[in-house]
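Chemist: Below is the structure I would like to discuss, written out as structure tokens.
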Amino acid sequence: MTEAPVSPDTGKHEAYHALEHEIGVLLRRARALSTQMMREVHPGLDSAAYGLLVGLRECAPARPSDLAEYFGIGKATMTRQLKVLEELGLIERRPDPDDRRAHRFDLTAEGRSRMDAISAARQDKFHGLLGAWPEEDVRVLATMLARFNRLVGRVKID
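Position 55 (the sequence shown) corresponds to 43 in this note's numbering; numbering is contiguous.
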């Protein structure tokens, strides 16, 4: 009996299958870690609000419309999420210096302090997980994830 020919695409298919699987595992574990971290920021925080805080930490001060575009959500949804964070005292609204009719949002001192503490805790966790890896391997992982994130960031979701 002869063996069926092996397609050159078989290895490529297996590689993409393995990638899809590992990204799924990464996302589930990242979600679990984020859930744990967001509860440490504030017990009343939901995952969307926590994600917004992370984004604000990176790009604040920002207008609600810019944040809605950045996160790919509707303006009404963004307004509701901003209101919750404002009521929790984690963000504040300020007049937009370029348009006095508009507002920009930024983290309050309390919000920034809590997010800085969570960021430090997350970095400690990564260091604990990856501390035995050579520094170059950690850099390669960060570089490849950044490359992947840029690629995914260019994909339009309909």
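Every residue gets a Cβ at the ideal spot worked out from N, C-alpha and C, and that includes glycine. Source: prediction; values computed, not measured.
Can you tell me the Cα-Cα spacing of D146 and L76, whole angstroms?
Modeler: To locate residue 146, count along the sequence shown from 1; it is residue 158. To locate residue 76, count along the sequence shown from 1; it is residue 88. The pLDDT assigned to D146 is 49, lower than 50, so where the model puts this residue is not dependable, and the model offers no usable value.
Chemist: With A56 as the anchor, note down where its alpha helix (DSSP H) starts and where it stops.
Modeler: Within the sequence shown, the letter at position 68 stands for residue 56. That run of the alpha helix (DSSP H) goes 52 to 59.
Chemist: What number of angstroms, rounded off, separates the C-alpha of G119 from the C-alpha of D125?
Modeler: As a first step, residue 119 must be located in the sequence shown, where it is residue number 131. As a first step, residue 125 must be located in the sequence shown, where it is residue number 137. About 11 Å.
Chemist: Looking at the strands, I want to know which residues DSSP matches up with F93.
Modeler: Here residue 93 corresponds to residue number 105 of the sequence shown, with the count starting at 1. DSSP, once it has assigned bridges, lists A50, R81 as partnering F93.
Chemist: Put K135 into one of helix, strand or coil per three-state DSSP.
Modeler: In the sequence shown, residue 135 corresponds to position 147, counting from 1. Reading off the sequence shown, one finds Arg at residue 135, where the question assumed Lys. DSSP places R135 in helix when its eight states are reduced to three.
Chemist: Work out the CA separation of R19 and E114 for me, nearest whole Å.
Modeler: Locating residue 114 in the sequence shown gives position 126, where the first residue counts as 1. Locating residue 19 in the sequence shown gives position 31, where the first residue counts as 1. At residue 114 the sequence reads Phe, which differs from the Glu that was named. If you take the alpha carbons of F114 and R19, they lie about 15 Å apart.
Chemist: Determine which residues share a DSSP beta bridge with D87 and list them.
Modeler: Your numbering for residue 87 matches position 99 in the sequence shown. DSSP, once it has assigned bridges, lists D84 as partnering D87.
Chemist: Which residues in the same chain as L33 place their Cβ atom closer than 6 Å to its Cβ, once the five residues preceding and following it in sequence are excluded?
Modeler: Counting from one through the sequence shown, the residue named residue 33 turns up at place 45. If we look at L33 and ignore the five residues flanking it on each side, its Cβ neighbours are M26.
Chemist: Should R102 and V13 be called a contact, given that it needs their Cβ atoms to be closer than 8 Å?
Modeler: As a position in the sequence shown, residue 102 is number 114, starting the count at 1. As a position in the sequence shown, residue 13 is number 25, starting the count at 1. Cβ distance not < 8 Å, so R102 and V13 don't count as in contact.
Chemist: So does the region 2 to 16 actually touch the region 40 to 52, counting three or more Cβ pairs closer than 8 Å?
Modeler: No, the region 2 to 16 does not touch the region 40 to 52.
Chemist: I'd like the span of the alpha helix (DSSP H) that includes R68, first residue to last.
Modeler: Start at 1 with the first residue of the sequence shown, and residue 68 comes out as number 80. R68 -> alpha helix (DSSP H) spans 63 to 75.
Chemist: Inspect the beta-carbon positions of T96 and L117 and report whether they are closer than 8 Å.
Modeler: Residue mapping note: residue 96 aligns to position 108 of the sequence shown, counting from 1. Residue mapping note: residue 117 aligns to position 129 of the sequence shown, counting from 1. No, they are not a contact pair.
Chemist: I'd like to know if the region 84 to 91 and the region 45 to 55 are in contact, where contact means that at least 3 CB-CB pairs between them fall below 8 Å.
Modeler: The region 84 to 91 is in contact with the region 45 to 55.
Chemist: Output the distance between the C-alpha atoms of T65 and Q111, rounded to the nearest integer angstrom.
Modeler: As a working mapping, residue 65 is identified with position 77 in the sequence shown. As a working mapping, residue 111 is identified with position 123 in the sequence shown. Approximately 30 Å between the Cα atoms of the pair.
Chemist: Is V29 helix, strand or coil when you go by DSSP?
Modeler: Mapped onto the sequence shown, residue 29 falls at position 41. V29: helix per DSSP, three-state reduction.
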